[in-house]
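Novice: Sequence positions in the sequence shown follow my numbering and run -1 to 234.
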Amino acid sequence: MSRRSVSSATNGASAAQQKVDKVIEQANDDRHFSMIRQLHMADLITELNGFCGIMSIFSSLRYCLGPADDFSYLWAAMVFMPFGLFFDFMDGKVARWRKKSSLMGQELDSLADLISFGVAPAVCAFSIGFRTQLDTVILTFFVLCGLSRLARFNVTVASVPKDATGKSKYFEGTPIPTTLAIVGLMAYWVGQGWLLEELPLGVLAEGSIFAVHPAVLLFPIHGCAMVSKSIHIPKL
């Protein structure tokens, strides 16, 4: 075994032991509001990411309840998602700047990303017209791909090669925030008035249980790219 392999194995074992120590420390903390006490500034910023995702979902639902020609809530839904990306970017920056992070923070980050870049875009897509039964099954597949991708990240993050700052050198599969590219496309459609019955490419098998909008296939294609192990996206 080479020195590099021995060093990597040692570092991996050390990281695993540190994780175990943190779990034990948190489990033994029986103070009042112990969970709140354990949150760092970076974790609170992550919560803002989740806040943006939830507000996006509610805004999409409000559009569904209101007049079809009033896009104000729909625009709000799509604007909240880039704000979520801003907070997703900043929480890591703050954690590295303060050199403080928590075990809970990693889980919070994944859950917030699932809401802001998985569930929120799917609900927004439903709102603009991807509403057939098959459309919703396809959108659900996309969300589950995002869920699986984030779970894999949490499991494998310790084994991914790191740079000098301790940050992973690349992502396995496309990061879930890249879903914002599809959100940007949907925003263009809304600006052009291409939504509901006017969605690009129309609908196939309309009136049957197999009715589907071909444009919705953008979501499962992106979902498959997220869970791909062969795609490596360098971290900036």
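Ideal placement from N, C-alpha and C gives every residue a C-beta, glycine not left out.
The structure presented is a predicted model; accordingly, all values stated were derived computationally and were not measured.
Could you give the DSSP three-state label for H230: helix, strand or coil?
Specialist: Strand at H230.
Novice: Does the region 121 to 130 come within contact of the region 204 to 211, defined as at least 3 CB pairs closer than 8 Å?
Specialist: Enough Cβ pairs lie closer than 8 Å, so yes.
Novice: Determine contact between the region 189 to 204 and the region 146 to 162, defined as no fewer than three beta-carbon pairs at a distance below 8 Å.
Specialist: Result no; under three Cβ-Cβ pairs closer than 8 Å.
Novice: Drop a sphere of 10 angstroms on the beta-carbon of G48, count the other beta-carbons inside from all chains shown, and report buried for 16 or more, exposed for fewer.
Specialist: The residue is buried, with at least 16 neighbouring Cβ atoms inside 10 Å.
Novice: To the nearest angstrom, report how far apart L109 and I229 are at their CA atoms.
Specialist: For L109 and I229, the distance between alpha carbons rounds to 22 Å.
Novice: May I ask which residues mark the beginning and end of the alpha helix (DSSP H) holding F151?
Specialist: First-last of the alpha helix (DSSP H) with F151: Q131 to T154.
Novice: Does the distance from the CB of T172 to the CB of A120 come in under 8 Å?
Specialist: Not in contact: T172 and A120 (Cβ atoms no closer than 8 Å).
Novice: Compute the Euclidean distance between the alpha carbons of M39 and A93, then round it to the nearest angstrom.
Specialist: Their Cα atoms are separated by approximately 8 Å.
Novice: Would you tell me roughly how many angstroms separate the C-alpha atoms of P80 and A118, rounded to the nearest one?
Specialist: The straight-line gap from Cα to Cα measures roughly 11 Å.
Novice: Taking only three categories from DSSP, how would you classify E170?
Specialist: In the structure shown, E170 sits in a strand (DSSP, three-state: E or B).
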